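One structure below.
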Amino acid sequence: MEFIKVKPDLRMAVDWGYCEINGPHSWVSKFPDAAGERQSPIDISPVSVTKFHTEERLQWKYEPESSTKLENTGAAWKVGVKGKGSELKGGPLDDEYVLDQFHCHWGETNDKGSEHTIDGEPFAGELHMVHWNSAKYADINEAASNPDGLSVLGVFLKPGKKNDELEKVVKYLDQITHKGDVVEIPESIDPKLLIPKDTGGYYTYHGSLTTPPCSECVIWVVFKEPIEVSDEQLNAFRQIRKYNKNDEICCDANCDGYVKKNFRPTVPIGEREVKECRQ
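Note that the numbering used here numbers the sequence shown so that position 187 is 216, with each residue one more than the last.
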């Protein structure tokens, strides 16, 4: 999970990425929070989780978004939304959260690309729907400085049939080939169609942004069931570039300037409790 504009100088800088020279192993030298005890992502072991029951089910409500902006951040594509009428509450959340944006993580091949894993097994990719606590904080920047500031819905991606809702994003990726490119999507996007129809329940735990600055401000909700995306759609993700049109390629030769992978490896759970809810 990424792309919170905490400070201007932390916004998609070339001093971090996913290549040999600036990959996750190096982040802690410039972003101390990356060495914290509540980092994300994690490997989830279903046999080790705590069963979680609550009278108030996790509820989400989204209105179809028009005039959304699709951006190449240099590390992924991101769709910014207005969040008007959106609502995430209940379950592990004490407050109401508003949708701000969604983006994806993927790998060089379809056998791995998700950030969270289940019993060590990754999925082809992972969609993150980023919400902020509108009950306590004035905006997402303030929220990102607090341990209950953000809640992210994690949706696994598996190869299969074309995802019609994600196709509304994919068809415009060739217009944001370079870092910093932005295009307005004229079609209405309905965020609720990005969530599995039968979620199978979810896992929840307290963690962090999965990219610098790696702030420990996220209540994670990771759905058990994935959604399908086609091979063509996954391949389209890998065609965006991590540098802008006027820059030299700022990565090693293995990347060739393309965002071929953008997932952080799992980190230790430590003493944290991971809960399972079968709603």
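Glycine is no exception: its CB is placed at the ideal position from the N, C-alpha and C atoms. Keep in mind it's a predicted model, so treat the numbers as computed, not measured.
Through-space distance from residue j to residue i, alpha-carbon basis
{"i": "residue 240", "j": "residue 190", "result": "29 Å"}
{"i": "residue 307", "j": "residue 71", "result": "20 Å"}
{"i": "residue 48", "j": "residue 124", "result": "38 Å"}
{"i": "residue 50", "j": "residue 100", "result": "24 Å"}
{"i": "residue 201", "j": "residue 157", "result": "19 Å"}
{"i": "residue 118", "j": "residue 304", "result": "17 Å"}
{"i": "residue 212", "j": "residue 150", "result": "35 Å"}
{"i": "residue 270", "j": "residue 84", "result": "46 Å"}
{"i": "residue 214", "j": "residue 208", "result": "17 Å"}
Exposure of residue i, with buried meaning 16 or more beta-carbon neighbours within 10 Å
{"i": "residue 155", "result": "buried"}
{"i": "residue 36", "result": "Bear in mind that the predicted position of residue 36 carries a pLDDT of just 41, short of 50, making it too unreliable to give a figure here."}
{"i": "residue 217", "result": "exposed"}
{"i": "residue 176", "result": "exposed"}
{"i": "residue 112", "result": "buried"}
{"i": "residue 76", "result": "exposed"}
{"i": "residue 210", "result": "buried"}
{"i": "residue 129", "result": "buried"}
Pick from the options that is closest to residue i, judged by C-alpha positions
{"i": "residue 57", "options": "197, 303, 206 and 293", "result": "293"}
{"i": "residue 178", "options": "85, 55, 289 and 235", "result": "235"}
{"i": "residue 220", "options": "195, 295, 267 and 146", "result": "195"}
{"i": "residue 126", "options": "265, 165 and 251", "result": "165"}
{"i": "residue 146", "options": "289, 232 and 288", "result": "232"}
{"i": "residue 82", "options": "63, 96, 73 and 120", "result": "120"}
Whole-angstrom C-beta distance between residue j and residue i, which should lie under 8 Å
{"i": "residue 143", "j": "residue 134", "result": "7 Å"}
{"i": "residue 184", "j": "residue 247", "result": "With a Cβ gap of about 15 Å, residue 184 and residue 247 do not count as contacting."}
Three or more C-beta pairs below 8 Å linking the stretch 160-172 and the stretch 99-110: The way I'd put it, the stretch 160-172 doesn't touch the stretch 99-110; fewer than three beta-carbon pairs between them come closer than 8 Å.
Touching by the beta-carbon criterion (3+ pairs, under 8 Å), the stretch 166-185 and the stretch 267-276: no
Validate contact between the stretch 293-300 and the stretch 65-75 using beta carbons, cut 8 Å, 3 pairs: yes
The stretch 246-259 contacting the stretch 173-193, beta-carbon criterion three pairs below 8 Å: yes
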